[in-house]
Amino acid sequence: MPSDIQVTNIKANDGTAGLVIADSTGNITIAGGNVSSGNTAKVWCLFNSVPGTPTITDSFNTSSLSDHATGDLTINYSSAVDSASHTVIGSCGTAIDNPSDKSLGAVPVSTTSCRVEIYNMGGSQLDQEFISIVVFGD
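What follows is the structure in structure tokens.
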């Protein structure tokens, strides 16, 4: 006969810190904000590179952005991923432009960052209002 284990808080051995906490609505909080499953995003970042200095709108495991030139940025991770061979997926656009005439290339640089370059179809680099990056890996 199957059985269930029901808990709302898993604590460390010393009992002082909640490691996993489930609230009454089913939301789960993990201490430190890290999930060590191979099928979850390790980093994600929504940012704006228009106008001037890039600004993070919202993120997970992102410490900062480095602006190298127009349409050329590095996303720096707060905590390293296990391998420099991780997957980086991205998209970009603006609220008024056609997103299909942009090309975003994103490559892992190291275990602590990835680099993003954005081009229009004419081959010129450009900054964008909305840039999203998601990183998967071990």
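Using this note's numbering, you'd call the opening residue of the sequence shown number 675 and step up by one each time. All residues carry an ideal CB built from backbone N, CA and C; glycine is no exception.
In this structure, the alpha-carbon of T785 lies about 39 Å from that of D678. When rounded, the separation of the alpha-carbon atoms in S765 and Q680 is 40 Å. Taking C-beta separations shorter than 8 Å and ignoring five residues to either side along the sequence, the partners of A715 in its chain run F734, V808, V809, F810, following chain order. By the CB criterion at 8 Å, L747 and D732 fall outside the cutoff. By the 16-neighbour rule on beta-carbons within 10 angstroms, S787 is buried.
In this structure, the straight-line span from the alpha carbon of I749 to that of S698 is close to 35 Å. Beta-bridge analysis with DSSP links G779 to E791. Within 10 angstroms of the beta-carbon of I792 lie 16 or more other beta-carbons, which makes it buried. Around V724, the same chain offers D801, Q802, E803 as residues with beta carbons nearer than 7 Å, after the five sequence neighbours per side are excluded.
G797 sits exposed, since fewer than 16 C-beta atoms from the chains shown fall within 10 Å of its C-beta. For D812, there is no enclosing beta strand (DSSP E), as DSSP marks it with neither H nor E. Beta bridge pairing from DSSP links A715 with F810.
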